[in-house]
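Engineer: So the sequence lines, in the order shown, correspond to chains A and B.
Oh and the first sequence: position 797 is 797 in our numbering, straight run, nothing missing.
Just add 1000 to the spot in the second sequence (first one is 1) and you have our numbering.
Even for Gly, the Cβ is constructed at its ideal location relative to N, Cα and C.
Just passing along the structure, written as structure tokens.
Protein chains: 2
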Amino acid sequence: MSNKKYVYMFTETDETMKNLCGGKGANLGGMTKLGLPIPQGFTVTTEACTLYYENGGKLTKEVIDEIETAFAKLEKITGKEFGNPQNPLLVSVRSGARVSMPGMMDTILNLGLNEIVVAGLAEITQNPRFAYDSYRRFIQMYSDVVMGLSKARFEEIIDEMKREKGIEFDTEFNAHDFQEMIAKFKTFYKKELGKNFPDQPKDQLFGAINAVFQSWENPRANYYRKINDIPSNWGTAVNVQSMVYGNMGDTSGTGVAFTRNPATGENKLYGEFLMNAQGEDVVAGVRTPAPIAKLNEILPDAYHQFVEVSQKLEQHFKDMQDIEFTIENGKLYLLQTRNGKRTAQAALRIAVDMFESGMITKEQAIMLVGPNQLDTLLHPQFDQKVLKTAKKIGEGLPASPGAACGKVVFDVDTAIALVKKGEKVVLVRLETSPEDIEGMHVSEGFLTARGGMTSHAAVVARGMGKCCVSGCKGLIINEEKKEFTLGGQRFTEGDFIALDGSTGIVYGQKVPTVAATISGDFEKFMNWCNEIKTLKVRTNADTPKDARQGRAFGAEGIGLCRTEHMFFETTRIKAMREMIVADSVEERRRALDKLLPMQRSDFEGIFEAMDPYSVTIRYLDPPLHEFLPTDPADIQEIADELGISYDKLSAKITSLHEFNPMMGHRGCRLSVSYPELAEMQTRAVIEAYINVKKRNPNYAAEPEIMIPLVGDVKEFKYVKNIVVKTADEIIAQSGMTIHYQVGTMIEIPRAALLADEIAQEADFFSFGTNDLTQMTFGFSRDDSAVFLGHYYEKRVYEFDPFAKLDQHGVGKLVSMASKLGRGANEHLHLGVCGEHGGEPSSVEFFHNVGLDYVSCSPFRVPIARLAAAQAAVKAKKNK
Amino acid sequence: MSNKKYVYMFTETDETMKNLCGGKGANLGGMTKLGLPIPQGFTVTTEACTLYYENGGKLTKEVIDEIETAFAKLEKITGKEFGNPQNPLLVSVRSGARVSMPGMMDTILNLGLNEIVVAGLAEITQNPRFAYDSYRRFIQMYSDVVMGLSKARFEEIIDEMKREKGIEFDTEFNAHDFQEMIAKFKTFYKKELGKNFPDQPKDQLFGAINAVFQSWENPRANYYRKINDIPSNWGTAVNVQSMVYGNMGDTSGTGVAFTRNPATGENKLYGEFLMNAQGEDVVAGVRTPAPIAKLNEILPDAYHQFVEVSQKLEQHFKDMQDIEFTIENGKLYLLQTRNGKRTAQAALRIAVDMFESGMITKEQAIMLVGPNQLDTLLHPQFDQKVLKTAKKIGEGLPASPGAACGKVVFDVDTAIALVKKGEKVVLVRLETSPEDIEGMHVSEGFLTARGGMTSHAAVVARGMGKCCVSGCKGLIINEEKKEFTLGGQRFTEGDFIALDGSTGIVYGQKVPTVAATISGDFEKFMNWCNEIKTLKVRTNADTPKDARQGRAFGAEGIGLCRTEHMFFETTRIKAMREMIVADSVEERRRALDKLLPMQRSDFEGIFEAMDPYSVTIRYLDPPLHEFLPTDPADIQEIADELGISYDKLSAKITSLHEFNPMMGHRGCRLSVSYPELAEMQTRAVIEAYINVKKRNPNYAAEPEIMIPLVGDVKEFKYVKNIVVKTADEIIAQSGMTIHYQVGTMIEIPRAALLADEIAQEADFFSFGTNDLTQMTFGFSRDDSAVFLGHYYEKRVYEFDPFAKLDQHGVGKLVSMASKLGRGANEHLHLGVCGEHGGEPSSVEFFHNVGLDYVSCSPFRVPIARLAAAQAAVKAKKNK
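Below, the structure is given as structure tokens:
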């Protein structure tokens, strides 16, 4: 038996105990400490929930005993007694997890009633209507939440009675009606379950606590956790609280209010209430509640008290509060307070207002906005009015946010042709490939049948800031016939569809978009982030356009410039292909010579766009076969272009086939095989830099040359030697003093394990966490979508390690390599490029590991900046 | 400047200093200490060689100074003086690496001669013929070795002079002839190199030392190192030794002898000598040398002295010696001794004889046989007489040893048909695949155009003990036409070829084989290994036949029983395919029910064959698409068989396509998706075990169930729960007391990193070093052959990490996981399965890391046993 304490009275807790007591329980404790009017009670901890599941879905003896003890104390505090008709203690039983999961968990009110107690309650309150109303509510809730009987069946009974009695609202029922209703409910209960509704208050109590713990695993809760990355082992707490009644008559009521407007952030109480009502009535929409300001007219004392209390709570919690209250016979009680959910716009305004009013510090202000929330501010959005009635035809993964609407196209050529005519297009594909890059550039967004959140389409989309819905369920594409079916509807080329990249929903019609506006608050807020964060944020950019976009969003350099994307353009791919099919070093050099001026001019453009910041250029990375066609007609065309036979080209393509291209001839392995490739790329980088430097001698940032896929220091050294020899010759000829850096990606587990050796030769490391995740887990991101679904379902993994860094496993390698690397080379510069660099929890990890920068796609730069600032604040706090 | 000493006199060294002074130098020191007649000299260390290369291929000042000092000492010891015609010191300069690299390094004799010194030498020896013979030899050797002039050109000059003078042998030249020859040599030298032959002895000396260091990197040396796994950073030492002369007349001579017969191991002096000869004459084949026993007739004193010395050396070095000697005017000198190279048969006999004569201990005896040598004793071999004249048509990688001869076939069906007719066949393929397994079983051996030492064909071949030559250069196969060309010759189905799996050579004709004999010495020797080793050796076996073969070779259990190979058999693959295309759990269960009795009976056979040893059974591992056809005709046939449409099957196959199958839906991921698979396999294992146990209640070894490809403890636990639930039910029904173990492969880097967590749930770990190597390096074994060739060439990697464990990188993970695992679970049983378990250097590493067992293919079991015993001896010594 452990020494853990599983049950706490509200008087024993406060808001710092959220992990143990859940948000609701902890805040009830906090409010009790503040001296606010709180109906007293106790909290059964989240650890009791975990224990419950470990115990096979049953409460343990020790937890039962603690609950009994706490209940006895509660009887003493309230001076009431459970099951005593002369002075009955009634309670509510509510769930309360660490973070608010609205609507997920089920609540039971008025627990403790039975035929005897309800009669007593009617007598002592002199309010039989209230008493029987409470009892019928309790039966309804208990039957639904604890016993799983359908709510609708009870509503049917009520509706039938309304028809019989010719009344419209619940409030028109009298005590007799409710007694009749109670009898009907009980009959129904017995018929359905074959036993009587429980009479013993203690049986009711433990039944309800069990039900709350059970509800932690209900499908809604699981779904909410999945989409919000909440681990299932957190568990929920249970709050048992003595009842107060908003349904005692015309001076009673219940309501919900936000201390500020959650949609706009305006600093004005925002909420609603309902008189003579209990619990769910406000949100259930049975009667229409009144705006909170109206309360001033009905019960001015209670209203003023509430305004005062709400300001006090906001001051205390330093955040906008979402408060539930009940007024019992004119007296105000608070049932719950929590930090209110809000839109991104509201979050920014509240943070800025609270700082400017002196309520909070800048550090506190930046903690008030969720980094991922910013995403909605950065992409164009659909017109919500049209969207409400738009025809939803399917749903896929929300792979890249934004709103895209255009004509359906199935191939790159048509996309380009239509765009040239001024049309907007949406590219629909089984999956995209690097050859589609031009078509993707001109499209509004991409819809794919295959692939996950990190498929080619998704990665490119986020990089370009385009909208993408990937892995769309039920999407059947016939690319040959240029048609697809989805949601039972057939679409052909030219039909309009619309994609919502933030929800993954596909609409089968035209939906207009509106441009996102970035308010002044946003800029102000982002500047605070820069003041606070220590981690630099760079952007991944392959073109001057992307580079400028990244800078506009505050990037402090380029952390990853992929050189291969440059080679896919129509004018260049021919020389690239010549290079690949070359039979000798001489032939290869000839082809590379054609690529040199193009690549050099790309780099010039990028250096100029980023001046005065650093640019990290990664050398050719993908397997060469990606540049070659697979379709016989295409092969013939290219063979003709290159002036070689079909058979020769076909044989070359076959010889480049790989069983596992991800683990094949790519990255620095290409330069070990063909050193002339690294020579050409070095020449392009250094000559471009010299040209830019000639035009602007003040450009001081050194070019950073990055060798990908290194697994051994000798391998790195081999390629580095080629780079240094080539670069030094060019620099010597230029007569200028030029410094440059040569570093490597750490993306192969072996490189991480032996990072100390590599660090002795490298100027910098950039963690390529995409590949590192693939190799460390041993599954490829393109193939794992098939089975990761089963893994999430069965709770083996709880999140996608390609979207969110696996800090436990992959993170161990990152941390190990950082320590080994810095230990061997104190000047080593450490960064991360790839998708994780723009994901908030990963950014926090990278901050804590001590990296110098993260790099992410332009549209995630603001998110990374905020995440980095929050990480700095948290780290300071934890010191 | 370092404090290292780079030059040692022979009087300062002994045989323990091999790493520093090379084998030759260290042994010359050792012999000096023993008081044997050694011409004195000094050794420039291997570290000086490394420094030489670090210094850009030049001797450093400090090394030059040390050589000068040592040389002065040598002059003092010998009482002779360099360049002094009255009393000239002449020296030999020889290479000498840590391990003997016969024929790799070049030797220079008679260094220190010039026109003046040679005249003096002629005078003081009163032997002008000897003096001028020595000088012309020196010029020849120096020109070749130091200056790179072709030996053949000098031989031409000599041959021309022989023709002119009408003589047959060198011994017929007189002093005048040699003077004429010297003049011709010098003229030729000047003509070729544009400068005079060096006259200054010191210039000659440093030129020679430079040349030795240079020769460390010549192509022959590199090749020898590559095939013998000798790291290039070991370097060579240089030995500078004062000359003695076997060419001083009829009481002088030179020879080479082994203390025992190197072919058979017979304990009898074995060697040959040549009178009035120097250096290379004995082995050069210019004159035919006489057997060593003849020396007794010519110079009995010298002979007896040599016999005595050779016994003393053998006693001293506790090994058969290979000794070079020179007799100068009747006096015996020893120039070198080293452990002699020998055949596997001889090695065994020598080890056994030396132990039985009391000369050495068992521990010493087992160190006298190279583990890989045993390989030649375990496979049938070609008749060497026929082989000498056989037509060699090509060469590939010696992927699996043995000798195979038969008719060429290109497909499995023909192979089976021909074998049924009593023919022997050799399967020739681009590369084999799991579908070929039956055809491979019946073939003598496999020849493939693609794939490395660990390709499918190679792995299967070694597992089956079949011969395989893989990745054969220049092999062009047309499988459709059933023909191939190699070495300019065309072969069609039915033509005979022969493969030597130990050399990789392919012969274009029939070559008969002889069965290998295992002598009594072999058995005795292997029993000693078992007494000494602590590491258990298990075998990988998928069938009762393999299991019996492994036991015959001494396996102590099965470390890896792959269940997938069982499913490829014709009668079973149908049910397997039904399982794969199943649309529902029910359909899948129906197909699995058909597989259950087959799998159960396989396991019964294997348990019975291994009783009383343990069997580790690995659950289904490969991606499912491996079981499905790709050819449209095959797809149609199978669709018909399964009673589904072509389109449905085709769609299923497409949906199973993976971009990187190695990192796809395989291993335990299959059981997470389809728990019924693990259920069926568990049922088969446990029911089979119960059946065997019923027949033999004494069978005590617990069945070991192994879950492959685990990356996280939750994943392992998920599958383990299925296993335990299924197994416990069956056991409970049986009424017997049965224990079983559930463990996992550690083959995913993440599993190694988080091994402590997994160990808390697992009964055992088995390192799957094949996959672990792939993931840790980030290259697949099937694809890496293409670029690893470039890596070896460029010295980035020096060996194939799939053949020999990468102890530095992958080994770091193995070691880390072992420590973490044992730390978390002291009962954890640790082993390794896969190719590395039968590779000696890897076995030593696994012993040192503290594993409990290695497991390898049956034909490597004796090798692993010896390697394990040697590892135990070495570890004891290093304590």
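(1) So, is residue 124(A) buried or exposed, given that buried needs 16 or more other C-beta atoms within 10 angstroms?
(2) Less than 8 Å between CB atoms is the rule here; does residue 231(A) satisfy it with respect to chain B?
(3) Just the Cα atoms here: how many angstroms apart are residue 605(A) and residue 544(A)?
(4) Would you mind stating whether residue 500(A) and residue 403(A) have Cβ atoms separated by less than 8 Å?
(5) Hey, residue 1762(B) and residue 1716(B): beta-carbon distance below 8 Å or not?
(6) Tell me which residues of the segment 1722-1743 of chain B have at least one Cβ-Cβ distance to chain A shorter than 8 Å, keeping chain order.
(7) By the criterion of Cβ-Cβ separation under 8 Å, what are the contact partners of residue 808(A) in chain B?
(8) Can you have a look at residue 1172(B) and say buried or exposed, based on whether 16 or more other CB atoms are within 10 angstroms of its CB?
(9) Whose C-alpha, out of 194(A), 626(A) and 108(A), is nearest the C-alpha of residue 136(A)?
(10) Should the segment 1308-1324 of chain B be regarded as contacting the segment 1253-1263 of chain B, the criterion being three or more beta carbon pairs within less than 8 Å?
(11) Indicate whether residue 1262(B) and residue 1343(B) have their beta-carbon atoms separated by less than 8 Å.
(12) Is residue 1579(B) helix, strand or coil by DSSP?
(13) Which of the residues in the segment 38-72 of chain A, read from start to end, lie with their CB under 7 Å from any CB of chain B?
(14) From the DSSP output, in three-state form, read off residue 1100(B) for me.
(15) In angstroms, rounded to a whole number, what distance separates the CA positions of residue 1792(B) and residue 768(A)?
(16) Are the C-beta of residue 1001(B) and some C-beta of chain A separated by less than 8 Å?
(17) Can you give the Cα-Cα distance for residue 1521(B) and residue 1863(B), rounded to whole angstroms?
(18) Where does the unbroken beta strand (DSSP E) through residue 236(A) begin, and where does it stop?
(19) Pull up the distance between the alpha-carbon of residue 21(A) and that of residue 51(A), whole angstroms please.
(20) If you pair each beta-carbon of the segment 587-602 of chain A with each one of the segment 653-673 of chain A, do three or more pairs fall below 8 Å?
(21) Chain A beta carbons: is any one of them nearer than 8 Å to that of residue 1285(B)?
(22) Could you check how far apart the C-beta atoms of residue 193(A) and residue 147(A) are, in whole angstroms? I think they sit under 8 Å.
(23) Scan the segment 658-677 of chain A for residues whose Cβ lies nearer than 7 Å to a Cβ of chain B and list them as they occur along the chain.
(24) Consider the Cβ of residue 1636(B): report whether some Cβ of chain A lies at a distance smaller than 8 Å.
(25) Assuming residue 846(A) and residue 854(A) form a contact by the criterion Cβ under 8 Å, report the distance between their Cβ atoms to the nearest whole angstrom.
(26) Take residue 1507(B) as the anchor and find which of 1514(B), 1537(B), 1469(B) and 1524(B) has the nearest alpha-carbon.
(27) Strictly under 8 Å for the Cβ-Cβ distance: is residue 1821(B) near chain A by that measure?
(28) For residue 1113(B), is the classification buried or exposed, using 16 other Cβ atoms within 10 angstroms of its Cβ as the cut-off for buried?
(29) Beta-carbon within less than 6 Å of residue 54(A)'s beta-carbon, same chain only, minus the 5 sequence neighbours each way: which residues are those?
(30) Only counting runs of 4 or more residues, tell me where the alpha helix (DSSP H) segments fall wholly within the segment 148-215 of chain A, in order along the chain.
(31) Less than 8 Å between the beta carbons of residue 1133(B) and residue 1247(B), yes or no?
(32) DSSP puts residue 1255(B) in a beta bridge; with which residues?
(33) Could you round the C-beta distance between residue 998(B) and residue 1366(B) to whole angstroms and report it? I think they count as a contact, below 8 Å.
(34) Would you call residue 1818(B) buried or exposed, if buried means 16 or more other Cβ atoms sit within 10 Å of its Cβ?
(35) When the distance is taken between beta carbons, is residue 588(A) closer than 8 Å to residue 676(A)?
(36) Below 9 Å between beta carbons is the criterion; list the residues of the segment 1705-1721 of chain B that meet it against any residue of chain A, in chain order.
Structural biologist: The structure says:
(1) By the 10 Å Cβ count, residue 124(A) comes out exposed.
(2) Residue-level contact check: residue 231(A) does not touch chain B, since none of the beta carbons of chain B fall below 8 Å from its beta carbon.
(3) Their backbone Cα atoms lie some 6 Å apart in a straight line.
(4) Yes, they are a contact pair.
(5) It is a contact, given that the beta carbons lie within the stated cut-off.
(6) Flagged: no residues at all.
(7) What residue 808(A) touches in chain B: 1754.
(8) Exposed.
(9) Ranking 194(A), 626(A) and 108(A) by Cα distance to residue 136(A) puts 108(A) first.
(10) The count of Cβ pairs closer than 8 Å, one atom from the segment 1308-1324 of chain B and one from the segment 1253-1263 of chain B, reaches three, so the stretches are in contact.
(11) Closer than 8 Å, so yes.
(12) Reduced to three states, the DSSP call for residue 1579(B) is helix.
(13) Cβ contacts with chain B: none found.
(14) Shown here, residue 1100(B) sits in coil according to DSSP, grouped into three states, outside any helix or strand.
(15) Rounded to whole angstroms, residue 1792(B) to residue 768(A) spans 26 Å at the Cα level.
(16) With a pLDDT of 46 at residue 1001(B), under the threshold of 50, the modelled position of that residue is not reliable, and the figure given next carries that caveat. The beta carbon of residue 1001(B) sits no closer than 8 Å to any beta carbon of chain A.
(17) Rounded to the nearest angstrom, the gap between the Cα atoms of residue 1521(B) and residue 1863(B) is 15 Å.
(18) Unbroken beta strand (DSSP E) run through residue 236(A): 236-242.
(19) Taking the straight line joining both Cα atoms gives about 14 Å.
(20) Contact check between the segment 587-602 of chain A and the segment 653-673 of chain A: fewer than three CB pairs, one atom from each, fall below 8 Å, which does not count as touching.
(21) Note that residue 1285(B) has pLDDT 49, beneath the 50 cutoff, so the model's placement of it is unreliable and the number below is only indicative. Chain A contact via Cβ: absent.
(22) Contact holds; Cβ gap of about 6 Å.
(23) For the segment 658-677 of chain A, which is checked against every Cβ of chain B, the residues closer than 7 Å are 658, 659, 660, 661, 662, 663, 664, 665, 669, 672 and 673.
(24) By the rule that beta-carbons nearer than 8 Å mark a contact, residue 1636(B) does not touch chain A.
(25) Rounded, the Cβ-Cβ distance is 5 Å, consistent with contact.
(26) The candidate whose alpha carbon is nearest that of residue 1507(B) is 1469(B).
(27) With 8 Å as the cut-off, residue 1821(B) does not count as an interface residue toward chain A.
(28) Buried, by the Cβ-count rule.
(29) So the list is empty, once near-sequence residues are dropped.
(30) 151-165, 175-193 and 201-215, all fully within the segment 148-215 of chain A.
(31) Taking 8 Å as the Cβ cut-off, residue 1133(B) and residue 1247(B) qualify as a contacting pair.
(32) Under DSSP, the beta-bridge partners assigned to residue 1255(B) are 1273(B) and 1325(B).
(33) Residue 998(B) falls outside the range modelled here, since chain B spans only 1001 to 1879, and no answer is possible.
(34) Classification for residue 1818(B): buried.
(35) Note that the C-beta distance between residue 676(A) and residue 588(A) is below 8 Å.
(36) Going along the segment 1705-1721 of chain B in chain order, one finds 1709, 1711, 1712, 1714, 1715, 1717 and 1718 with a Cβ nearer than 9 Å to chain A.
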